[in-house]
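Under my numbering, the residue at position 8 of the sequence shown is numbered 8, and the numbers go up by one with no gaps.
The structure appears right after this line, and notes come after that.
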Amino acid sequence: MLKALIIFLMLAVIFSLFSGLFFLIKDGGKTNRVVNSLAVRVTLSVLLLAVILLSLWQGSLTLHPTP
Numbered sequence: 001m002l003k004a005l006i007i008f009l010m011l012a013v014i015f016s017l018f019s020g021l022f023f024l025i026k027d028g029g030k031t032n033r034v035v036n037s038l039a040v041r042v043t044l045s046v047l048l049l050a051v052i053l054l055s056l057w058q059g060s061l062t063l064h065p066t067p
């Protein structure tokens, strides 16, 4: 369930990135849709980082360093 949440958040960040690009090309930067897309992308990225750090701290997600 945790890995599915992480993948979903990553896909949402990528979707927000490309929607911002689409709004920039279509609107030419005349509307606030690009700024809103940036705000959504930053929020999703912070949430993704928080989920990863919290799951590492709780032990739900472990690192596997190479020998």
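By construction, the Cβ of each residue, glycine as well, lies at the ideal position given by its N, Cα and C atoms.
Leucine 54 carries a helical assignment under DSSP once its states are collapsed to helix, strand and coil. The Cβ-Cβ distance between leucine 44 and alanine 4 does not fall below 7 Å.
Counting the other Cβ atoms within 10 Å of the Cβ of serine 60 gives fewer than 16, which makes it exposed. The three-state secondary structure of serine 45, taken from DSSP, is helix.
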